[in-house]
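Chemist: If you read the protein sequences in the order shown, they are chains W and D. Residue numbers for the first sequence follow UniProt numbering, beginning at 1 and rising by one. Residue numbers for the second sequence follow UniProt numbering, beginning at 1 and rising by one. Glycine residues also receive a C-beta, built at the ideal position from the N, C-alpha and C atoms. Predicted, not measured: the structure shown is a model, and the values here were computed from it. Pasting a structure below so you can have a look.
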Amino acid sequence: MSHKPNLHLRDRARKAIKDEPMRKAVQKAVDRLSGNREKAQTELPNWDDWREQGKRIRKHTVDHLDYYLGQLSESVRNKGGHIHFAQTAEEARRVIIDICKKNNGKLVAKSKSMVTEEIHLNPALEKEGMEVIETDLAEYILQLAGETPSHIIVPAIHKNRYQIAELFSKVAGKTIEPDTPALTAFARQTLRQKFMQADIGITGCNFAIADTGAISLVTNEGNARLTASLPKVLISVMGMERVLPTFDDLEVILSLLPRHATGQKLTSYISVVNAPRKVNEKDGAEEFHLVIVDNGRSRLLADEEFRQALHCTRCGACFNVCPVYRQIGGHAYGSVYGGPIGAVITPFLEDDFDFWGELSYATTLCAACSSVCSVKIPLHDLLIKIRRKRIELGFTHPLERVGFNMWRRFFKFPGRYKFAMKMASIGQIPLVKDGYIRSGPPPLSGWTDSRYLPAAAKKTFREIWQEKYE
Amino acid sequence: MQGSEQSFLSHIAKILGRDKPLTSAPNRDEVGPPVFWKEQKFDINQPLAFFKTNLENLTGKVYLAKDDQDASQQIRIWLEELEAKRVIMWDHEELRKIVHLEDANVQLDYWSQGRPQAELIIAAEKADVGITWADYAIGYTGTLALFSSPTQGRSVSSLPTVHIAVFRKENLVPTMSTVMENLMERRSTQNVPAAIDFITGPSRTSDIEMDLSIGVHGPVKVWTIVIEQGGNVQYQNGMREEVPMEKDEVLYT
Ligand code: SF4
Numbered sequence: 001m002s003h004k005p006n007l008h009l010r011d012r013a014r015k016a017i018k019d020e021p022m023r024k025a026v027q028k029a030v031d032r033l034s035g036n037r038e039k040a041q042t043e044l045p046n047w048d049d050w051r052e053q054g055k056r057i058r059k060h061t062v063d064h065l066d067y068y069l070g071q072l073s074e075s076v077r078n079k080g081g082h083i084h085f086a087q088t089a090e091e092a093r094r095v096i097i098d099i100c101k102k103n104n105g106k107l108v109a110k111s112k113s114m115v116t117e118e119i120h121l122n123p124a125l126e127k128e129g130m131e132v133i134e135t136d137l138a139e140y141i142l143q144l145a146g147e148t149p150s151h152i153i154v155p156a157i158h159k160n161r162y163q164i165a166e167l168f169s170k171v172a173g174k175t176i177e178p179d180t181p182a183l184t185a186f187a188r189q190t191l192r193q194k195f196m197q198a199d200i201g202i203t204g205c206n207f208a209i210a211d212t213g214a215i216s217l218v219t220n221e222g223n224a225r226l227t228a229s230l231p232k233v234l235i236s237v238m239g240m241e242r243v244l245p246t247f248d249d250l251e252v253i254l255s256l257l258p259r260h261a262t263g264q265k266l267t268s269y270i271s272v273v274n275a276p277r278k279v280n281e282k283d284g285a286e287e288f289h290l291v292i293v294d295n296g297r298s299r300l301l302a303d304e305e306f307r308q309a310l311h312c313t314r315c316g317a318c319f320n321v322c323p324v325y326r327q328i329g330g331h332a333y334g335s336v337y338g339g340p341i342g343a344v345i346t347p348f349l350e351d352d353f354d355f356w357g358e359l360s361y362a363t364t365l366c367a368a369c370s371s372v373c374s375v376k377i378p379l380h381d382l383l384i385k386i387r388r389k390r391i392e393l394g395f396t397h398p399l400e401r402v403g404f405n406m407w408r409r410f411f412k413f414p415g416r417y418k419f420a421m422k423m424a425s426i427g428q429i430p431l432v433k434d435g436y437i438r439s440g441p442p443p444l445s446g447w448t449d450s451r452y453l454p455a456a457a458k459k460t461f462r463e464i465w466q467e468k469y470e
Numbered sequence: 001m002q003g004s005e006q007s008f009l010s011h012i013a014k015i016l017g018r019d020k021p022l023t024s025a026p027n028r029d030e031v032g033p034p035v036f037w038k039e040q041k042f043d044i045n046q047p048l049a050f051f052k053t054n055l056e057n058l059t060g061k062v063y064l065a066k067d068d069q070d071a072s073q074q075i076r077i078w079l080e081e082l083e084a085k086r087v088i089m090w091d092h093e094e095l096r097k098i099v100h101l102e103d104a105n106v107q108l109d110y111w112s113q114g115r116p117q118a119e120l121i122i123a124a125e126k127a128d129v130g131i132t133w134a135d136y137a138i139g140y141t142g143t144l145a146l147f148s149s150p151t152q153g154r155s156v157s158s159l160p161t162v163h164i165a166v167f168r169k170e171n172l173v174p175t176m177s178t179v180m181e182n183l184m185e186r187r188s189t190q191n192v193p194a195a196i197d198f199i200t201g202p203s204r205t206s207d208i209e210m211d212l213s214i215g216v217h218g219p220v221k222v223w224t225i226v227i228e229q230g231g232n233v234q235y236q237n238g239m240r241e242e243v244p245m246e247k248d249e250v251l252y253t
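Structure below.
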């Protein structure tokens, strides 16, 4: 699968930096979400114990994923559900299309799911002649705009109310006022009709419970509840790591996830769906399919250092504190998963360290992400390791390598080094602005194409040392 | 087991250093919430006090009724205030005792076993108010826990504009732990409901410019009635089997 952006990371970031309204919106969102998280932190006793416990539970589950997925599969089948395992995005799409076709599906109601973004499900269903409707308000807006999410928790944060009113007015065939209550009311009305007609519901899965075969859906709008209870057929799609052993463990994740995501004690709805419906029940899906997707996750699992990235709860806290995300927003990453966690997992999911490994440079390594992670994933550490991996694989800019080779040659000999640094301090003068070299001639450009180089000091360290101490 | 499942699980097992997928439960040192959380004790008044504060912070209402009659009265007051014309209600023994609308100008539908599905869902969609009996209410987060059954349709709490939930004070528990314990017990007897809905306030979204907006898909209002008087009926679908709280608690710190 390849959905590479046309622009290079540097150009995507440059483009984003120029989009002032988007950056303002992103900054407002992350500040609010982070502030709320910090407040929640003071309200839950022993915050760190919870994170530690969350980490232990996730580690145990991921370390025994073969067992828990086997158990989950059995639990789902025992209560009359169907389970499907898909190694690739292609396989997952095929399984889902088959289920829809078998049920003569015409209208598919979807609730927010990152994994279905990842497998590019909607275009595939549409190609088969089905109407697909995203029911999460933000996802609905993005679907109308033909855009992708820019934040994992508030996906349409880059769109303002005027742009949204324009999109809705087009659907309505009349003017919808650009104020939030009017926009929300329009969405409620329109989507409610779709819910009543939909024959297939597709949801993601925040976490499945292995010993019961139930799935949990965490939302504020309640659209996942409707998606899972009105259409006759329910298909839930999950990344293979999104499983927990028991309900007890779910309590821990539910104590962490909403608080880290939005600072809420709990989201408005936590729907535990133990589909299919029981005999004589009059709502809830009659037919239930759980689709478990690998799509590159086993590459993360296979790497002992990176396996812990599969502990992620998708809370988005790392996005909200990242100084780079704050400046460039989600689209500049160009990947389905942005932010620090996206920079870590995308090279594995896409199996491409050359192109996607560059995301590890869209970070400052300040470790803010690691310090807030709901399950204590050392993200900044993993980001350094991606950079290292890229170098080992020979994917750094060839000129950067030439530069470092020259450095090594000069560094070996004090005389040469002294001369080189002096020359650098003089030779750089035309390139320096505000103490940084922003773009240099080759081989320096191998470095400065993707970041600024601090200018060499006017006096070298050796000169200062000599003046003061010799 | 299908072939694709077999190869999928074998692949994972191999990556994790095993010849074949693990089939017996691995040892675990720690399960569920941290120890301090499991061991904490609560003041007997904590659940109600917390529930009220938390739900009210989310624009919900909590009415404390002395007894069934008081609750009955309050429901009528609220329905009048809401100018409700159509109401749908779980076919629940407790609710049948409490809710009397025969002489009110309201069309009342019961979510009962005998009625066709399409009719029920349309009734719920058209209803101004849906009335449920909460299986649990959780103080710590201001949350209602509803278990689905043939007489306890999910649509009653998701489709109407307003959701009114009624329950007894004894249904109130301090934290989610009690509900999870109950679910684990049910699991051992193959009796986990098809849906467990934790509802914490009204449907909301901040998707438009981080501007909070209420009622995007589900109810715009979540109002609750807590009846102080104890219940003396065995609930017909066995949704409650144990008194969840110890009564000798010390104050939670
Ligand atoms: S990596 Fe951590 S902070 Fe980031 S989304 Fe995942 S759990 Fe949340």
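#1: Alpha carbon to alpha carbon, how far is W:Ile99 from W:Leu121? Give it in angstroms, no decimals.
#2: Closest to W:Gln27 by C-alpha separation, out of W:Pro323, W:Gly338, W:Asn295 and W:Asp48, would be which residue?
#3: To the nearest angstrom, how far is the alpha carbon of W:Arg51 from that of W:Asn320?
#4: Got a sec? Which residues, its chain only, sit under 7 Å from D:Glu125 by beta carbon, not counting five neighbours each side?
#5: Between which residues of its own chain and W:Met367 is the CB-CB distance below 7 Å, once the five residues before and five after are set aside?
#6: Below 8 Å on C-beta distance, what does W:Gly70 contact in chain D?
#7: Output yes if chain D places a C-beta closer than 7 Å to the C-beta of W:Asp49; else output no.
#8: Between which two residues does the beta strand (DSSP E) holding D:Val87 run?
#9: Counting only beta-carbon separations shorter than 7 Å, does D:His217 have a partner in chain W?
#10: When the Cα of D:Gly201 is compared with those of D:Asp103, D:Gln152 and D:Leu144, which residue comes out closest?
#11: Closer than 6 Å to a non-hydrogen atom of the ligand SF4 - does that hold for the CB of W:Arg388?
#12: Counting C-beta neighbours from all protein chains within 10 Å, is the total for W:Glu392 16 or more, i.e. buried, or is it exposed?
#13: Closer than 9 Å, Cβ to Cβ, to anything on chain A: give me those residues from the stretch 12-41 of chain W, in chain order.
#14: Should W:Ala224 go down as buried or exposed, given a rule of 16 or more other Cβ atoms within 10 Å for buried?
#15: For the pair the stretch 2-18 of chain W and the stretch 285-305 of chain W, tell me if three or more CB-CB distances fall below 8 Å.
#16: Between D:Trp133 and D:Glu94, which are expected to be in contact by the criterion C-beta below 8 Å, what is the C-beta distance as a whole number of angstroms?
#17: So, using beta-carbon positions, are W:Leu382 and W:Val336 closer together than 7 Å?
#18: To the nearest whole angstrom, what separates the beta carbons of W:Asp48 and D:Ser155, a pair I think is in contact under 8 Å?
#19: For the stretch 72-121 of chain W, list the beta strand (DSSP E) runs that are entirely contained and at least 3 residues long, ordered along the chain.
#20: Taking D:Ser213 as the query, report the chain W residues whose CB atoms sit under 7 Å from its CB, ordered along the chain.
#21: Quick one: is W:Glu251 near chain D, going by C-beta distance under 7 Å?
#22: Heavy atom of the ligand SF4 less than 6 Å from the Cβ of W:Val243, yes or no?
#23: Please classify D:Asp109: does DSSP put it in a helix, a strand, or coil?
#24: Counting C-beta neighbours from all protein chains within 10 Å, is the total for W:Gln308 16 or more, i.e. buried, or is it exposed?
#25: Using a cut-off of 8 Å between C-beta atoms, extract the partners of D:Tyr127 located in chain W.
#26: For a test of your reading of the model: does the CB of W:Val375 fall under 6 Å from any non-hydrogen atom of the ligand SF4? Yes or no.
#27: Nearest chain W C-beta to D:Ser203 closer than 7 Å, yes or no?
#28: D:Val31 CB to nearest chain W CB: under 7 Å?
#29: Start and end of the beta strand (DSSP E) containing W:Gly239?
#30: Between the stretch 49-63 of chain D and the stretch 98-114 of chain W, can you find at least three pairs of beta-carbon atoms closer than 8 Å?
#31: What is the DSSP secondary structure of D:Lys61, reduced to helix, strand or coil?
#32: Less than 7 Å between the C-beta atoms of W:Ala317 and W:His158, yes or no?
#33: Considering only DSSP beta bridges, list what D:Trp133 is partnered with.
#34: Which runs of the alpha helix (DSSP H) spanning at least 4 residues fall entirely within the UniProt region "Disordered" (1-24) of chain W, listed in chain order?
#35: Put W:Ile152 into one of helix, strand or coil per three-state DSSP.
#36: Got a sec? Which residues, its chain only, sit under 7 Å from D:Glu249 by beta carbon, not counting five neighbours each side?
Modeler: The answer reads as follows:
#1: Their Cα atoms are separated by approximately 13 Å.
#2: Checking every option, the nearest Cα to that of W:Gln27 belongs to W:Pro323.
#3: Rounded to whole angstroms, W:Arg51 to W:Asn320 spans 18 Å at the Cα level.
#4: Close CB contacts of D:Glu125 within its chain, under the 7 Å cut and outside five residues either way in sequence, are with Leu159 (chain order).
#5: According to the sequence as given, residue 367 of chain W is Ala; it is not Met. Closer than 7 Å at Cβ, skipping near neighbours: His380.
#6: Those are Leu9, Pro21, Leu22 and Thr23, listed as they occur along chain D.
#7: Yes - at least one Cβ of chain D is within 7 Å of the one on W:Asp49.
#8: Arg86 to Trp90 is the span of the beta strand (DSSP E), which, as asked, contains D:Val87.
#9: Closer than 7 Å to some Cβ of chain W, the Cβ of D:His217 qualifies, so yes.
#10: Of the listed residues, the one whose Cα sits closest to D:Gly201 is D:Leu144.
#11: W:Arg388: no, Cβ never under 6 Å from the ligand SF4.
#12: By the neighbour-count rule (16 or more Cβ atoms within 10 Å), W:Glu392 is not buried but exposed.
#13: No chain A is part of this structure, whose protein chains are labelled W and D.
#14: The residue is buried, with at least 16 neighbouring Cβ atoms inside 10 Å.
#15: Fewer than three pairs of CB atoms, one per stretch, sit closer than 8 Å, so the stretch 2-18 of chain W makes no contact with the stretch 285-305 of chain W.
#16: Taking 8 Å as the upper bound for CB-CB distance, D:Trp133 and D:Glu94 are in contact here, some 5 Å apart.
#17: Cβ distance not < 7 Å, so W:Leu382 and W:Val336 don't count as in contact.
#18: By a beta-carbon distance limit of 8 Å, W:Asp48 does not contact D:Ser155. Their separation comes to about 41 Å.
#19: Here the runs fully enclosed are 82-86 and 107-110.
#20: Those are Thr180, Pro181 and Thr184, listed as they occur along chain W.
#21: Yes, contact with chain D.
#22: No; taking the cut-off as 6 Å, the Cβ of W:Val243 has no heavy atom of the ligand SF4 nearer than that.
#23: The answer is strand: DSSP assigns D:Asp109 an E or B state.
#24: Burial call: buried.
#25: Rather than Tyr, the amino acid found at residue 127 of chain D in this sequence is Ala. Going along chain W, no residue has its Cβ under 8 Å from D:Ala127, so there is no contact; the nearest lies around 13 Å.
#26: W:Val375: yes, Cβ under 6 Å from the ligand SF4.
#27: In terms of beta-carbon proximity, D:Ser203 lines the interface with chain W, with at least one pair separated by less than 7 Å.
#28: Yes, its Cβ sits closer than 7 Å to a Cβ of chain W.
#29: For W:Gly239, the enclosing beta strand (DSSP E) starts and ends at Val233 to Gly239.
#30: Here the stretch 98-114 of chain W does not lie against the stretch 49-63 of chain D, with fewer than 3 beta-carbon pairs under 8 Å apart.
#31: Strand, per DSSP.
#32: In this structure, W:His158 does not lie closer than 7 Å to W:Ala317 by Cβ.
#33: Beta-bridge pairing links D:Trp133 to D:Val166.
#34: If we require 4 residues or more, the alpha helix (DSSP H) runs fully inside the UniProt region "Disordered" (1-24) of chain W come out as 9-18.
#35: In the structure shown, the three-state DSSP call for W:Ile152 is coil.
#36: For D:Glu249, the predicted structure reports a pLDDT of 38, less than 50, and the residue's modelled location is therefore unreliable. A value from the coordinates is still provided. Leaving aside the five residues that flank D:Glu249 on each side, the residues in its chain whose CB is nearer than 7 Å to its CB run, in chain order, Lys41, Phe42, Asp43 and Ile44.
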